[in-house]
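Numbering (this note's numbering), first residue to last: 6 to 419.
Beta carbons are placed, not taken as given, at the ideal position from N, Cα and C, and that holds for glycine.
Structure, as structure tokens:
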Ligand code: ADE
């Protein structure tokens, strides 16, 4: 029995899903094949993903392939309630609403696990972790899992290293058509979208501090720069710092950037990155937002500790007046600003991520994989790129036999 905010929102949710699917031609091509071939016939799938209109398009695709699906959110603030209602109305077991408490969040994950999934689909590794800690009885049913995001893949690799991972998990994040599109182009656009919906500030001319220069940070910096911001990058990795310098940004330690930044966006995947020491150095009016998976990057508890008072300014924007009288503004409680304040990545981008997810589930169903972290074969990555190009009406060239021979040989030089 599903649990959503308001079942009456189903008709609205259906319209949102249809609108998303209009931009998700690649995924629809896979759905059409799945409908005929039923490669997932009889499989029970348990998911913890952001419950958005794009995720609904993935759920419909898995269902078309013959699977039954139970879904919970992977973040307490990211569920689109109308979409959750629409999915429940289509017979999917849904346990998600926007604004869950942490206890409700874990209750909902457990409800998904009560369906005894044979395949798990995670965004952040919370389902896998629950199964390996509190729900070990379920391990015997599971044939594999997939993981959507960098943070989740990092946790899985740590489990693998400790010999703790008991079933195969495909790191969907590691496909080129995922992290070089979703993390880079997707996070770049959706984080700015979230920041603007939360604050409505002008970006041009602002000192815009991007904390972390992985694929997500690169995307955020690119788009902020494109809107006229003065981008400053902070890094702990020497090569990534060098890339930021060569891309034309100022690079400096966060303690220095703290004094001059107008906007700070964290995209590190780490914890306690912006600390109270940094906050106490900030300018009056500084804005903080996080676009990393968990709400650990900005020390929100510490911020409350050094504040004399706080008040809600508008949806997704809280004002903290520090004891030193400086006002700091926090977006979406320090949770993923792109999904909490906006609607996550655009549908076209999620089409590629979710083609990878659908094909990863099929890959698990058709192959006997060992209990480790797997990446998808290059030919699946290539197929996703081709389907995306086809859906966009873009044609490309192919190698001549002579060129193919040249590229795979060594004898021919100058
Ligand atoms: N992650 C980032 N954006 C997303 C979206 N629109 N739907 C699901 N997961 C996401």
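Write down the C-beta distance between residue 25 and residue 58 rounded to the nearest angstrom, noting that I regard them as a contact closer than 8 Å.
One-based indexing of the chain shown puts residue 25 at position 20. One-based indexing of the chain shown puts residue 58 at position 53. Going by Cβ atoms, the distance from residue 25 to residue 58 rounds to 4 Å, so yes, they are a contact pair.
If the criterion is Cβ atoms closer than 7 Å, does the pair residue 66 and residue 45 meet it?
As a position in the chain shown, residue 66 is number 61, starting the count at 1. As a position in the chain shown, residue 45 is number 40, starting the count at 1. When the beta-carbon positions are compared, residue 66 and residue 45 stay at least 7 Å from each other.
With DSSP as the reference, identify every bridge partner of residue 324, one or two as the case may be.
Residue 324 sits at position 319 when you count from the first residue of the chain shown. Residue pairing by DSSP places residue 324 opposite 316 and 334 in a beta bridge.
Looking only at C-alpha atoms, which of 176, 226, 275 and 20 sits nearest to residue 251?
Residue numbering aside, residue 251 sits at position 246 when the chain shown is read from its first letter. Per the Cα distances, 226.
If you reduce the DSSP assignment to three classes, tell me which class residue 52 lands in.
Translated into the one-based positions of the chain shown, residue 52 becomes position 47. Residue 52 sits in a strand when the DSSP states are folded into three classes.
Cβ shell of residue 143 (< 8 Å), same chain only, five flanking positions each side left out:
As a working note, residue 143 is residue 138 in the chain shown. Spatial neighbours of residue 143 in its own chain (CB-CB distance under 8 Å, excluding positions within 5 residues in sequence) are listed in chain order as 118, 121, 122 and 136.
When burial is assigned at 16 or more other CB atoms within 10 Å of the CB, is residue 353 buried or exposed?
For this step, residue 353 is matched to residue 348 along the chain shown. So residue 353 ends up on the buried side.
Check whether the stretch 28 to 43 and the stretch 344 to 363 are in contact - that is, three or more C-beta pairs closer than 8 Å.
Touching, yes.
Where residue 309 and residue 325 are concerned, what is the direct C-alpha to C-alpha distance, given to the nearest angstrom?
Stepping through the chain shown from its first residue, residue 309 is reached at position 304. Stepping through the chain shown from its first residue, residue 325 is reached at position 320. Whole-angstrom Cα-Cα distance: 8 Å.
C-alpha distance - residue 236 paired with residue 13, whole-angstrom precision:
Here residue 236 refers to the residue found at position 231 of the chain shown. Here residue 13 refers to the residue found at position 8 of the chain shown. The straight-line gap from Cα to Cα measures roughly 44 Å.
Tell me which same chain residues have a C-beta within less than 7 Å of the C-beta of residue 374, skipping the five on either side of it?
Stepping through the chain shown from its first residue, residue 374 is reached at position 369. Here residue 374 has 149 and 173 as same chain residues with Cβ atoms under 7 Å from its own Cβ, once five neighbours each way along the sequence are excluded.
To the nearest angstrom, how far is the alpha carbon of residue 200 from that of residue 273?
Stepping through the chain shown from its first residue, residue 200 is reached at position 195. Stepping through the chain shown from its first residue, residue 273 is reached at position 268. Rounded to the nearest angstrom, the two C-alpha atoms are 17 Å apart.
Nearest-angstrom beta carbon gap, residue 85 and residue 64 [assumed within contact, 8 Å]:
Taking the first residue of the chain shown as position 1, residue 64 is located at position 59. Taking the first residue of the chain shown as position 1, residue 85 is located at position 80. Rounded, the Cβ-Cβ distance is 13 Å, inconsistent with contact.
When burial is assigned at 16 or more other CB atoms within 10 Å of the CB, is residue 53 buried or exposed?
If you number the chain shown from 1, residue 53 lands on position 48. Its Cβ being crowded by 16 or more others within 10 Å, residue 53 is buried.
In the structure shown, what three-state DSSP assignment does residue 380 receive?
For the purposes of this step, residue 380 is taken as residue 375 along the chain shown, with counting starting at 1. The three-state secondary structure of residue 380, taken from DSSP, is coil.
8 Å contact criterion, which residue 168 and residue 212 should meet: CB distance rounded
Residue mapping note: residue 168 aligns to position 163 of the chain shown, counting from 1. Residue mapping note: residue 212 aligns to position 207 of the chain shown, counting from 1. About 46 Å; that fails the 8 Å criterion.
In this structure, how does DSSP classify residue 255 when only helix, strand and coil are distinguished?
The count along the chain shown starts at 1 and reaches residue 255 at position 250. Annotated three-state conformation of residue 255 is strand, per DSSP.
The stretch 175 to 195 in contact with the stretch 238 to 250 per 3-pair CB rule at 8 Å:
By the Cβ rule, the stretch 175 to 195 does not count as touching the stretch 238 to 250, because fewer than three pairs are nearer than 8 Å.
Through-space distance from residue 125 to residue 271, alpha-carbon basis
Along the chain shown, read from residue 1 onward, the residue named residue 271 stands at position 266. Along the chain shown, read from residue 1 onward, the residue named residue 125 stands at position 120. In a straight line, the C-alpha of residue 271 is about 28 Å away from that of residue 125.
In the DSSP assignment, find the alpha helix (DSSP H) that holds residue 409 and state where it starts and stops.
Counted from its first residue, the chain shown places residue 409 at position 404. Where residue 409 is concerned, the enclosing alpha helix (DSSP H) stretches over 406 to 413.
Return the chain-ordered list of same chain residues with a C-beta closer than 7 Å to the C-beta of residue 307, the five sequence neighbours on each side being excluded.
In the chain shown, the residue the question calls residue 307 occupies position 302. Closer than 7 Å at the Cβ level, and outside the excluded window around residue 307, lie 280 and 281.
Which residues does DSSP pair with residue 213 in a beta bridge?
Working through the chain shown from its first residue, we reach residue 213 at position 208. Looking at the DSSP assignment, residue 213 forms a beta bridge with 236 and 268.
Determine, using beta carbons only, whether residue 156 and residue 390 come nearer to each other than 7 Å.
Against the chain shown, residue 156 aligns to sequence position 151. Against the chain shown, residue 390 aligns to sequence position 385. Between residue 156 and residue 390, the CB-CB gap reaches or exceeds 7 Å.
May I ask you to check if the CB of residue 57 is nearer than 6 Å to at least one heavy atom of the ligand ADE?
Start at 1 with the first residue of the chain shown, and residue 57 comes out as number 52. Yes, since a heavy atom of the ligand ADE falls inside the 6 Å radius drawn around the Cβ of residue 57.
Beta-carbon proximity list for residue 417, same chain, < 8 Å, skipping 5 on both sides
Within the chain shown, the letter at position 412 stands for residue 417. Excluding five sequence positions before and after residue 417, the CB atoms of its chain that fall closer than 8 Å to its own CB belong to 411, given in chain order.
Alpha helix (DSSP H) segment containing residue 66, residue limits
Taking the chain shown and counting its residues from 1, the one referred to as residue 66 is at position 61. In the DSSP assignment, residue 66 falls within the alpha helix (DSSP H) that extends over 58 to 69.
Using 6 Å as the cut-off, classify the Cβ of residue 418 as near or not near the heavy atoms of the ligand ADE, replying yes or no.
As a first step, residue 418 must be located in the chain shown, where it is residue number 413. With a cut-off of 6 Å, the C-beta of residue 418 is classified as distant from the ligand ADE, since no heavy atom of the ligand falls inside that distance.
Does the contact criterion of 3 or more C-beta pairs under 8 Å hold for the stretch 393 to 409 versus the stretch 85 to 100?
No, they do not touch.
Given residue 313 as reference, the closest of 232, 233, 333 and 414 once Cα atoms are compared:
Residue numbering aside, residue 313 sits at position 308 when the chain shown is read from its first letter. Between residue 313 and the set 232, 233, 333 and 414, the nearest pair of CA atoms involves 333.
Mind checking residue 289: buried by the 16 CB within 10 Å criterion, or exposed?
Against the chain shown, residue 289 aligns to sequence position 284. Looking at its Cβ environment, which holds fewer than 16 other Cβ atoms inside 10 Å, residue 289 is exposed.
So, at 6 Å on beta carbons, what are the nonlocal neighbours of residue 76 in its own chain, with the 5 sequence-adjacent residues on each side left out?
Counting from one through the chain shown, the residue named residue 76 turns up at place 71. Close CB contacts of residue 76 within its chain, under the 6 Å cut and outside five residues either way in sequence, are with 52 and 99 (chain order).
Give the DSSP-derived three-state secondary structure of residue 84 in the structure shown.
To locate residue 84, count along the chain shown from 1; it is residue 79. Residue 84 falls in the coil class under three-state DSSP.
Tell me whether residue 346 is buried or exposed, calling it buried when 16 or more other Cβ atoms sit within 10 Å of its Cβ.
Position 341 of the chain shown, counted from the first residue, corresponds to residue 346. Around the Cβ of residue 346, a 10 Å sphere holds 16 or more other Cβ atoms; the residue is buried.
6 Å Cβ shell around residue 214 - same chain, five flanking residues per side excluded
Looking up residue 214 in the chain shown gives position 209. So the qualifying residues of the chain are 237, 262, 266 and 269.
Which two residues bound the contiguous alpha helix (DSSP H) that contains residue 32?
Locating residue 32 in the chain shown gives position 27, counting from the first residue. It spans 30 to 42 - the alpha helix (DSSP H) in which residue 32 sits, taken as one unbroken run.
So, helix, strand or coil for residue 46, using DSSP?
Here residue 46 corresponds to residue number 41 of the chain shown, with the count starting at 1. If DSSP states are grouped into helix, strand and coil, residue 46 belongs with coil.
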